[in-house]
Amino acid sequence: MSVAVLGSGVITPFGRGSRALVDGLCAGRCMLGEHGAAVDDALLDPSLLREDRALALTAAALDDLLEGPAGATLAGIDRARLSVIVGSTQGAITRWSRQRGELRAAPDTAEPSPPDSSAPLRLAAERLGALGPCANPSMACASGTAALALGARWLLSRRCDAVVVGGVDALSTFVRQGFVALKALDPVTPRPFDAERAGLGLGEAAALLLMTREEAGVSPSARLLGWGLSGDANHLTGPDREGRGVTRAVRQALAQAGMAPSEIAFVCAHGTATSYNDRMEAIGLARALPGARPPLMSLKGAVGHSLAAAGAVEAAMTLEALRRGVCPPTVGARRVDPEIDADVVLDAPRALAAGAGLSTSSGFGGINAAVILATDRNG
Numbered sequence: 000m001s002v003a004v005l006g007s008g009v010i011t012p013f014g015r016g017s018r019a020l021v022d023g024l025c026a027g028r029c030m031l032g033e034h035g036a037a038v039d040d041a042l043l044d045p046s047l048l049r050e051d052r053a054l055a056l057t058a059a060a061l062d063d064l065l066e067g068p069a070g071a072t073l074a075g076i077d078r079a080r081l082s083v084i085v086g087s088t089q090g091a092i093t094r095w096s097r098q099r100g101e102l103r104a105a106p107d108t109a110e111p112s113p114p115d116s117s118a119p120l121r122l123a124a125e126r127l128g129a130l131g132p133c134a135n136p137s138m139a140c141a142s143g144t145a146a147l148a149l150g151a152r153w154l155l156s157r158r159c160d161a162v163v164v165g166g167v168d169a170l171s172t173f174v175r176q177g178f179v180a181l182k183a184l185d186p187v188t189p190r191p192f193d194a195e196r197a198g199l200g201l202g203e204a205a206a207l208l209l210m211t212r213e214e215a216g217v218s219p220s221a222r223l224l225g226w227g228l229s230g231d232a233n234h235l236t237g238p239d240r241e242g243r244g245v246t247r248a249v250r251q252a253l254a255q256a257g258m259a260p261s262e263i264a265f266v267c268a269h270g271t272a273t274s275y276n277d278r279m280e281a282i283g284l285a286r287a288l289p290g291a292r293p294p295l296m297s298l299k300g301a302v303g304h305s306l307a308a309a310g311a312v313e314a315a316m317t318l319e320a321l322r323r324g325v326c327p328p329t330v331g332a333r334r335v336d337p338e339i340d341a342d343v344v345l346d347a348p349r350a351l352a353a354g355a356g357l358s359t360s361s362g363f364g365g366i367n368a369a370v371i372l373a374t375d376r377n378g
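Residue 0 is where the sequence shown starts when you use numbering that gives the first Met the number 0, and the numbers rise one by one after that.
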């Protein structure tokens, strides 16, 4: 049994919705500036923005979800059978950073709270009135993709009847300085899979998707066919250099979907534009997809790396790209690294053959996740 995906809510530096995201990617636009790729404040609730940026992003994605077809479906779901799974690496980071400043200014009177990675989850669950099980998977940059996998497991085990899954993270100076310390940021703009790539760029986003079990006799317009998770425990800040964890996650997803590598129409890769990640991922994908060489792209050269949000954003993007029958280009890349054996899409969108979309994520600690998605048009 596969899982039905009944809608998505997305907010990225390109604006609101998965259509705006794919439009921007296909136009080859780059939203990264000196300090990363930010969402326009005008698209966010001012009162929530004053409280915390990640909460404002979560609310914007939720509004986009509810205003689409998913809103009507959610209205008829028993709240006791509705779950929410929202991944975040930082949670309410801007609130915490502000409180740290208050503590330095007035150490005797300030009352800072600890970092709260579950704050976006609580906001979404409260606004939805969800009374079923909820979870905040904090699995580094694989959190958003892991949320889809966990939600699918809950549905098929009948732990819930519907689940809203996704991820959110906001730009913050605190996190940026961590990547500066790792020397992982490109001083200009990221170039995923490019021969001259020099590091990633940071972004912010939120994406939420509504999933239910696929009922007999009903054909949903979009489906999650397979998923896989792996942990290679290779290093504190990176997965296995030979991509073995990526290979395991993709093979699990293919087995779950009952699909052959040749049935993958395109790959939305993690593609951070670091020398280490892109090479590792290409090796892992080639091993997992023997005999197949599907078009591959990364969106991080356009909107940056949104950490826990990235996988959920990429899942929503994958579904929209499949509906249109195109693979967006890898913004920023000009010449593929000759050591990377992959059909990286450059310069312009490419028409897709029939099939499903594979989206992959990798994170600190050696965490890897993969999902296979399909729509009416493809798959």
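Even glycine gets a Cβ: it sits at the ideal position worked out from N, Cα and C.
Can you tell me which of the options puts its alpha carbon nearest to the alpha carbon of residue i?
{"i": "residue 64", "options": "165, 285, 271", "result": "165"}
{"i": "residue 81", "options": "6, 28, 163, 43", "result": "163"}
{"i": "residue 328", "options": "300, 369, 17", "result": "300"}
{"i": "residue 214", "options": "180, 160, 261", "result": "160"}
{"i": "residue 367", "options": "307, 291, 346", "result": "307"}
{"i": "residue 90", "options": "341, 226, 204", "result": "204"}
{"i": "residue 297", "options": "286, 58, 312", "result": "312"}
{"i": "residue 2", "options": "147, 351, 349, 143", "result": "147"}
{"i": "residue 341", "options": "304, 286, 351, 318", "result": "286"}
{"i": "residue 261", "options": "315, 170, 293, 143", "result": "293"}
{"i": "residue 253", "options": "229, 212, 357", "result": "357"}
{"i": "residue 244", "options": "363, 315, 150", "result": "363"}
{"i": "residue 273", "options": "334, 322, 231, 200", "result": "200"}
{"i": "residue 76", "options": "290, 211, 66", "result": "211"}
Grab the span of the beta strand (DSSP E) containing residue i for me, first residue to last.
{"i": "residue 11", "result": "2-11"}
{"i": "residue 132", "result": "Taken as a continuous stretch (DSSP letters only), residue 132 belongs to no beta strand (DSSP E), as it is neither H nor E."}
{"i": "residue 222", "result": "221-230"}
{"i": "residue 374", "result": "366-374"}
{"i": "residue 355", "result": "355-362"}
{"i": "residue 284", "result": "First-last for residue 284: 274-287, but that is the alpha helix (DSSP H), not the beta strand (DSSP E)."}
{"i": "residue 295", "result": "294-296"}
Looking at the unbroken alpha helix (DSSP H) that takes in residue i, where does it start and where does it end?
{"i": "residue 23", "result": "17-25"}
{"i": "residue 119", "result": "118-127"}
{"i": "residue 318", "result": "309-323"}
{"i": "residue 300", "result": "299-302"}
Under 6 Å Cβ to Cβ from residue i, same chain only, skipping five residues before and after it: list those, please.
{"i": "residue 240", "result": "279"}
{"i": "residue 269", "result": "280, 359, 360, 361"}
{"i": "residue 14", "result": "none"}
{"i": "residue 373", "result": "222, 224, 355"}
{"i": "residue 72", "result": "5"}
Tell me which residues share the same chain as residue i and place their Cβ nearer than 7 Å to its Cβ, disregarding the 5 neighbours each side in the sequence.
{"i": "residue 48", "result": "40, 55"}
{"i": "residue 69", "result": "5, 6, 209"}
{"i": "residue 168", "result": "53, 87, 88, 89, 203, 305, 306, 307, 308"}
{"i": "residue 134", "result": "84, 149"}
Classify residue i as buried or exposed, calling it buried when 16 or more other Cβ atoms lie within 10 Å of its own Cβ.
{"i": "residue 173", "result": "exposed"}
{"i": "residue 32", "result": "exposed"}
{"i": "residue 193", "result": "buried"}
{"i": "residue 185", "result": "buried"}
{"i": "residue 195", "result": "exposed"}
{"i": "residue 346", "result": "exposed"}
{"i": "residue 255", "result": "buried"}
{"i": "residue 145", "result": "buried"}
{"i": "residue 350", "result": "exposed"}
{"i": "residue 251", "result": "buried"}
{"i": "residue 189", "result": "buried"}
{"i": "residue 170", "result": "buried"}
{"i": "residue 247", "result": "buried"}
Between residue i and chain C, is the shortest Cβ-Cβ distance under 8 Å, so that the two count as touching?
{"i": "residue 314", "result": "Among the chains of the structure shown, chain C does not appear; only one protein chain is present."}
Among residues of its own chain, excluding the 5 on either side of residue i, which ones have a beta-carbon nearer than 8 Å to its beta-carbon?
{"i": "residue 79", "result": "130, 131"}
{"i": "residue 187", "result": "197"}
{"i": "residue 153", "result": "82, 84, 132, 159, 162"}
{"i": "residue 218", "result": "375"}
{"i": "residue 275", "result": "237, 240"}
Using 7 Å as the cut-off, classify the Cβ of residue i as near or not near the heavy atoms of the ligand MN, replying yes or no.
{"i": "residue 22", "result": "Among the components of this structure there are no ligands whatsoever, and the ligand MN is therefore not found."}
Next item on the list: Could you pull out every unbroken alpha helix (DSSP H) segment of at least 4 residues lying fully inside the segment 139-218, listed in chain order?
Entry: 142-155, 172-180
Note to self: Runs of 4 residues minimum, wholly inside the segment 23-102: which ones carry the alpha helix (DSSP H) assignment?
What the structure shows: 45-50, 52-65, 68-74
Notebook entry, point to check: Fully enclosed by the segment 232-268, which alpha helix (DSSP H) runs are 4 residues long or longer?
Noted result: 243-256
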